[in-house]
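S.K.: Quick one: the structure is below, and I'll ask about it shortly.
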Amino acid sequence: MNDLTKGKPSQVMLRFAFPIALGNIFQLFYSLADTRVVGSTLGMDSLAAVGATTSISTLFIGFLSGLTNGFAILVAREYGAGHKDGVRRLSAGSLTLGIVTALVLTGVCVAFLPLLLGILNVSEELMPEAVSYIRVILLGLVVTLAYNGCAGILRAVGDTTAALVFLICASFLNIALDLMFILVFHMGVGGAAFATVVSQSVSAIASFIYMQKRYEIFRFRMSDFRVNREDARSLYTSGLSMATMMSLVFFGTLALQCAINTFGNDTIVAHTAARKVTEFFMLPFTVMSATMATYCGQNMGAGRLDRIRTGIWQALVMTWVWSAGMIVLSYTAAPQLIHMVTGTDRQQVLRTGAQYLKFDTLFYFAPAAICVLRNALQGLGEHRIPVWSSFIELAGKVLIAFFLTPVLQYWGIIVAEPIVWILMVIPLIVQIRRLLWSDHAGSTGA
Numbered sequence: 186m187n188d189l190t191k192g193k194p195s196q197v198m199l200r201f202a203f204p205i206a207l208g209n210i211f212q213l214f215y216s217l218a219d220t221r222v223v224g225s226t227l228g229m230d231s232l233a234a235v236g237a238t239t240s241i242s243t244l245f246i247g248f249l250s251g252l253t254n255g256f257a258i259l260v261a262r263e264y265g266a267g268h269k270d271g272v273r274r275l276s277a278g279s280l281t282l283g284i285v286t287a288l289v290l291t292g293v294c295v296a297f298l299p300l301l302l303g304i305l306n307v308s309e310e311l312m313p314e315a316v317s318y319i320r321v322i323l324l325g326l327v328v329t330l331a332y333n334g335c336a337g338i339l340r341a342v343g344d345t346t347a348a349l350v351f352l353i354c355a356s357f358l359n360i361a362l363d364l365m366f367i368l369v370f371h372m373g374v375g376g377a378a379f380a381t382v383v384s385q386s387v388s389a390i391a392s393f394i395y396m397q398k399r400y401e402i403f404r405f406r407m408s409d410f411r412v413n414r415e416d417a418r419s420l421y422t423s424g425l426s427m428a429t430m431m432s433l434v435f436f437g438t439l440a441l442q443c444a445i446n447t448f449g450n451d452t453i454v455a456h457t458a459a460r461k462v463t464e465f466f467m468l469p470f471t472v473m474s475a476t477m478a479t480y481c482g483q484n485m486g487a488g489r490l491d492r493i494r495t496g497i498w499q500a501l502v503m504t505w506v507w508s509a510g511m512i513v514l515s516y517t518a519a520p521q522l523i524h525m526v527t528g529t530d531r532q533q534v535l536r537t538g539a540q541y542l543k544f545d546t547l548f549y550f551a552p553a554a555i556c557v558l559r560n561a562l563q564g565l566g567e568h569r570i571p572v573w574s575s576f577i578e579l580a581g582k583v584l585i586a587f588f589l590t591p592v593l594q595y596w597g598i599i600v601a602e603p604i605v606w607i608l609m610v611i612p613l614i615v616q617i618r619r620l621l622w623s624d625h626a627g628s629t630g631a
């Protein structure tokens, strides 16, 4: 366990964040492996079918990830306050409520899958492979929730190393299963999806066993899983706030995907590859957002607002330095990065993906601030403004998808995110200043 309420903020945050960063790198690695294996073995049309459904899996997996992260904030707060019984009780409750929610969501998703693909404008040519891929991913939402739930609980008490080890093992397993299911068993894109679900199942089981073996506090009793009304309300208040925040972000991406799917297979492949590269570019933002939620949650429980203020400033500086580096990288190697992801030499694909990267990286200072401030506010117990900020993103992307892309075509997609980033960071800055830097904000803890 790692107590984030003691020590130099930048050092404890980096120690906490480093395993998360490595874990996210390996998560991206096996996501990229799916993309490269599918593109290299099954062709660009199969890769386009996977890319056309990416926003669906991202939306629902993002919802469940937000839910478990929100649950984990309450666990972190109990840990920071030294309430061991509260840590165990809320951890068991978060797993129970998370699994129930995932089961309900899976049923709804599978039942309305044809409608979702129709809304996304998936072409008849891509539809069979798109369905075979996304249906398996959706049926695996429960194991995705189980892993994210265990990882979130471990992070809440400062243990980020164990989840990293399990994720690394799952990453290599996923690549091996990709090759076996596609090349040996000839399962097509459905095999790639099945490989992802199986590898996540292994990491989820390993994480739960580790929790119980390693920490006495997580040796649950059956009574711990019977969630009382007060705990359920508290967990869902925090969890659904984070989940809604993530969902609004991805609903906006879904709206843009509807427009992208009308531009042809080359553009779909280029955008899919550019988004994969973007996930790597934005990795420190994602890592720091997870770090800030736990850091602020623990320090809020301990009453250390002074450490929260210092931590926010230091997190902003670290992510802005990274942003500057990504601008340089995009302007020196963007086409090569698109080629690495897709394996294609089509100039249209390389040129389109490079245009996206070169323009959007210029504005990375805004999403860096968004990730830090939004999750800092969640850790402080402020749920309203982060959701409002995400609603701005949703509204902006929907308006751009329907009104700007018909005029600018793919350039409408390229400019969409920088526009909404600038708009959505404003309320976050205002609220964080009001809570932590105004005259009536608390001062220091013990």
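Taking the working numbering, the leading residue of the sequence shown gets 186, the next gets one more, and so forth. For each residue, glycine too, the CB sits at the ideal point set by N, CA and C.
Can you tell me whether Tyr400 is helix, strand or coil according to DSSP?
M.R.: Tyr400 falls in the coil class under three-state DSSP.
S.K.: Count Cβ pairs between the segment 321-329 and the segment 354-364 that sit closer than 8 Å; are there 3 or more?
M.R.: No, the segment 321-329 does not touch the segment 354-364.
S.K.: Under DSSP, the alpha helix (DSSP H) around Phe366 begins and ends at which residues?
M.R.: Neither: Phe366 is in no alpha helix (DSSP H) and is coded neither H nor E.
S.K.: Please report the distance separating the alpha-carbon of Leu433 from that of Leu579.
M.R.: Taking the straight line from one Cα to the other gives about 6 Å.
S.K.: Is the beta carbon of Met427 closer than 9 Å to that of Leu252?
M.R.: Cβ atoms of Leu252 and Met427: closer than 9 Å.
S.K.: Our contact map puts Ala519 next to Ala539 with C-beta atoms below 8 Å; I'd like the distance itself, whole angstroms only.
M.R.: About 4 Å separates the two Cβ atoms, so the contact holds.
S.K.: For Leu439, tell me which candidate among Leu305, Arg262, Phe448 has the shortest Cα-Cα distance.
M.R.: Checking every option, the nearest Cα to that of Leu439 belongs to Leu305.
S.K.: Could you give the DSSP three-state label for Arg411: helix, strand or coil?
M.R.: Reduced to three states, the DSSP call for Arg411 is coil.
S.K.: Have a look at Gly376 and Leu232 and give me their C-alpha separation to the nearest angstrom.
M.R.: Answer to the nearest angstrom: the Cα atoms are 13 Å apart.
S.K.: To the nearest angstrom, how far is it from the Cα of Leu420 to the Cα of Glu310?
M.R.: In a straight line, the C-alpha of Leu420 is about 43 Å away from that of Glu310.
S.K.: Look at the alpha carbon of Gly334 and the alpha carbon of Ala237, and state the distance between them as a whole number of angstroms.
M.R.: One C-alpha to the other measures close to 28 Å.
S.K.: Under 7 Å Cβ to Cβ from Ser623, same chain only, skipping five residues before and after it: list those, please.
M.R.: Cβ within range, chain order: n/a, list empty.
S.K.: Hey, how far is the Cα of Leu249 from the Cα of Thr429?
M.R.: Approximately 10 Å between the Cα atoms of the pair.
S.K.: Is the Cβ-Cβ distance between Gly343 and Tyr264 less than 9 Å?
M.R.: Taking 9 Å as the Cβ cut-off, Gly343 and Tyr264 qualify as a contacting pair.
S.K.: For Ser195, which three-state DSSP category applies?
M.R.: Here Ser195 sits in helix by DSSP.
S.K.: Identify which residue in Asp545, Ser474, Val316 has its Cα closest to the Cα of Ser515.
M.R.: Measuring from the Cα of Ser515, the nearest candidate turns out to be Asp545.
S.K.: What runs of the beta strand (DSSP E), each 3 residues or longer, lie entirely inside the segment 550-576?
M.R.: Runs found: none.
S.K.: Suppose you measure from the CA of Pro603 to the CA of Phe548; what does that come to, to the nearest Å?
M.R.: Cα to Cα, the separation comes out at about 6 Å.
S.K.: Under the rule that 16 or more other beta-carbon atoms within 10 Å means buried, what is Ser225, buried or exposed?
M.R.: With fewer than 16 Cβ atoms within 10 Å of its Cβ, Ser225 is classed as exposed.
S.K.: Taking C-beta to C-beta, are Ile319 and Leu300 nearer than 9 Å?
M.R.: No.
S.K.: In terms of residue numbering, what span does the alpha helix (DSSP H) encompassing Ala539 cover?
M.R.: Unbroken alpha helix (DSSP H) run through Ala539: 532-545.
S.K.: Flag this pair as yes or no: are the beta carbons of Ser392 and Ile258 separated by less than 9 Å?
M.R.: Not a contact, by the Cβ cut-off of 9 Å.
S.K.: Mind the definition here: the segment 380-391 touches the segment 336-356 only if three or more C-beta pairs lie below 8 Å; say whether that holds.
M.R.: Output reads yes: the segment 336-356 touches the segment 380-391.
S.K.: State buried or exposed for Gly208, treating a residue as buried only when at least 16 other CB atoms are found within 10 Å of its CB.
M.R.: Classification of Gly208: buried, given that the 10 Å Cβ count is 16 or more.
S.K.: Could you tell me whether the Cβ atoms of Thr220 and Thr527 are closer together than 9 Å?
M.R.: The answer is yes: Cβ separation under 9 Å.
S.K.: Using 9 Å as the threshold, is the C-beta distance between Ala455 and Gln533 below it?
M.R.: Their beta carbons are under 9 Å apart, which means Ala455 touches Gln533 by this criterion.
S.K.: Could you give the DSSP three-state label for Ala202: helix, strand or coil?
M.R.: It is helical.
S.K.: Helix, strand or coil: which one does DSSP assign to Val615?
M.R.: In this structure, Val615 counts as helix in the three-state DSSP scheme.
S.K.: For Gln594, which residues in the same chain have their Cβ closer than 8 Å to its Cβ, ignoring the five residues on either side in sequence?
M.R.: Excluding sequence neighbours, Gln594 sits near Phe448.
S.K.: Assess contact between the segment 610-619 and the segment 466-483, defined as three or more Cβ pairs (one per stretch) separated by less than 8 Å. Is contact present?
M.R.: Taking 8 Å as the limit for Cβ pairs, the verdict is that the segment 466-483 does not touch the segment 610-619.
S.K.: So Thr291 and Leu244 are in contact, right, with Cβ under 8 Å, and what is the actual spacing, rounded?
M.R.: At roughly 13 Å, the Cβ-Cβ gap does not stay under 8 Å, so Thr291 and Leu244 are not in contact.
S.K.: If contact is defined by three or more beta carbon pairs under 8 Å, each pair taking one atom from either stretch, is the segment 190-198 in contact with the segment 497-515?
M.R.: Contact between the segment 497-515 and the segment 190-198 is present, because at least three Cβ pairs lie under 8 Å.
S.K.: When burial is assigned at 16 or more other CB atoms within 10 Å of the CB, is Leu368 buried or exposed?
M.R.: Flag for Leu368 reads exposed.
S.K.: Can you tell me the Cα-Cα spacing of Ala601 and Thr463, whole angstroms?
M.R.: Using only the alpha carbons, I get a separation of about 15 Å.
S.K.: Around the Cβ of Leu280, are there at least 16 other Cβ atoms within 10 angstroms (buried) or fewer (exposed)?
M.R.: So Leu280 ends up on the buried side.
S.K.: With a cut-off of 8 Å on the beta carbons, I'd call Val260 and Ile402 a contact; round off their distance for me.
M.R.: That pair is no contact at about 10 Å.
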